[in-house]
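So the mapping is simple: the numbering used here equals the position in the sequence shown, first residue as 1, plus 287.
Don't be surprised by glycine CBs; every beta carbon is placed ideally from N, CA and C.
Accompanying notes for the structure given below.
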Amino acid sequence: MNDAPIGIFDSGLGGLTVASEIVRALPHESILYVGDTARCPYGPRSLDDVREFVLQIGSWLAGKRVKMIVIACNTGTAAGLVAAQRTFDVPVIGVVAPGARAAVQATCNRRVGVIATTGTVESGVYSDAVRALDAGATVFSVAAPKFVDIVEQGLHMGPGTVEEWIADSSDVFVRPAFYEIAREYLDPLKRAGVDTLVLGCTHFPLLAPAIGQVMGRKVRLISSAQETAREVAGILGARKWLASKDNVPRHHFFTTDDETEFARLGSVVLRKPIKSAEHLPVSELEAMTIPPMRAEVAAPGLEEEGVACN
Ligand code: DGL
């Protein structure tokens with residue numbers, strides 16, 4: 288048993304779609320969430336910059352003694368998962384492998400579409416992850432950065448949910464713009480004949496009903512949130528690190544931007560009230576001492592220290 292919190296982070300609010308599934312699947316676990324809203328979006332930034340942000344936030348979470356770190360951001364996963372796994376002692380997972388696994392399981396014609404940020408698409412991380420599981424699958428990736436803006440705009444327009452604002456009955460300005468933009472991004476994927484579409488950005492599940500409407504009922508939409516929650520449960524279960532059944536879970540939320548706004552908008556995404564959030568200055572993250580990265584050992588010999596497992 289281990290009642291320490293699970294550390295979860297994203298560039299902002301989108302990762303709360305993952306946090307929401309983790310809280311639902313593991314109701315005894317406490318979470319410590321960081322939304323780097325002041326530096327959002329990560330999507331258009333260089334992968335080197337995003338990797339640095341991942342290591343800063345990971346170091347901050349490690350300092351809070353989390354038992355596991357979840358990079359609930361596809362762009363962060365693409366840029367920094369490997370570096371984070373080599374840096375921190377606790378298990379670190381991202382959202383790309385769980386999403387790719389769910390897509391490979393769902394597809395019948397082995398034609399998989401991915402919509403994500405520019406950073407994620409350019410990294411090729413989804414094509415690699417899908418093909419590592421099914422070398423015969425074809426992956427069609429489209430960068431859909433304006434969907435991030437639509438979610439952010441929609442959330443700031445409250446009250447109500449993003450789904451309500453882009454629903455047919457809504458006359459808010461997001462709606463016509465959304466369908467025009469959605470067709471531009473999604474029509475090439477429809478023409479490519481994908482039967483499965485990965486929502487490769489943690490903001491996108493908030494647009495799922497509308498994206499599904501454009502893609503048609505026959506296309507399966509994959510959000511990695513549920514699959515990631517399953518992976519968290521699997522890793523903690525295997526280590527016997529799940530929280531005890533009598534643990535009273537405590538959730539703490541930190542944002543690098545305005546804490547009142549984060550709590551208000553975050554409650555919509557989490558689908559649970561966030562009573563308060565705390566401010567975490569970017570300067571504190573930038574001042575973090577990042578632990579040295581473990582050297583890459585391609586094929587350790589048996590005599591190598593640390594290989595024996597007692
Ligand atoms: N939530 C981020 C992701 O999953 C995208 C938003 C951003 O560009 O920061 O990639």
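- Taking non-hydrogen atoms of the ligand DGL into account, the C-beta of His490 is found less than 7 Å away from one of them.
- Distance from the C-beta of Asp297 to the nearest heavy atom of the ligand DGL is below 7 Å.
- The closest CA to that of Gly524, considering only Leu567, His315, Ile295, is found on His315.
- Straight through space, the alpha carbons of Gly345 and Thr576 are spaced by roughly 11 Å.
- Exclusion of the five residues before and after Thr542 leaves Gly322, Thr324, Phe549, Ala564 as the residues of its chain whose Cβ lies within less than 6 Å of its Cβ.
- Taking all protein chains shown into account, Glu583 has fewer than 16 neighbouring C-beta atoms within 10 Å of its C-beta and is therefore exposed.
- Within the same chain, Cβ atoms closer than 7 Å to the Cβ of Lys433 are found at Ile468, the five residues on either side in sequence being excluded.
- Shown here, Leu313 sits in coil according to DSSP, grouped into three states, outside any helix or strand.
- Under DSSP, Arg398 shares a beta bridge with Thr425.
- In the three-state reduction of the DSSP assignment, Leu529 falls in the coil class.
- Of all C-beta pairs linking the stretch 332 to 347 to the stretch 369 to 377, three or more are shorter than 8 Å, placing the two stretches in contact.
- Only buried fits Asp297, as 16 or more other CB atoms lie within 10 angstroms of its CB.
- Within the stretch 348 to 420, the complete alpha helix (DSSP H) segments of 4 residues or longer fall at 361 to 374, 383 to 393, 405 to 410, 412 to 420, listed in chain order.
- Between Gly381 and Ile402, the C-beta gap is not smaller than 8 Å, which leaves the two residues out of contact.
- In this structure, DSSP gives His443 a helical state, which the three-state scheme calls helix.
- Short note on Val357: C-beta not closer than 7 Å to any heavy atom of the ligand DGL.
- Relative to the ligand DGL, Gly302 has its C-beta within less than 7 Å of a heavy atom.
- Around the beta-carbon of Arg504, fewer than 16 other beta-carbon atoms lie within 10 Å, marking it exposed.
- The ligand DGL approaches Thr407 closely enough that one of its heavy atoms is under 7 Å from the residue's Cβ.
- Contact check for Gly301 and Thr489: beta-carbon distance about 4 Å, within the 8 Å limit, so the pair qualifies.
- With a cutoff of 8 Å on beta-carbon distance, Ala516 and Ile309 are scored as near each other.
- Taking the CA atoms as reference points, Asp474 sits about 8 Å from Met502.
- Rounded to the nearest angstrom, the gap between the Cα atoms of Arg581 and Met355 is 18 Å.
- The continuous alpha helix (DSSP H) containing Val501 extends over residues 495 to 502.
- Its chain contains Ser531 as the residues whose beta carbon lies nearer than 6 Å to that of Met288, once the 5 sequence neighbours on both sides are disregarded; these appear in chain order.
- In the three-state scheme derived from DSSP, where H, G and I count as helix and E and B as strand, Tyr329 is classed as coil.
- One alpha carbon belongs to Asp421, the other to Ala574, and they sit about 42 Å apart.
- The beta-carbon distance between Ala424 and Thr394, rounded to whole angstroms, is 7 Å. This is short enough to meet the 8 Å contact definition.
- For Asn361, the Cβ falls inside the 7 Å cut-off from some heavy atom of the ligand DGL.
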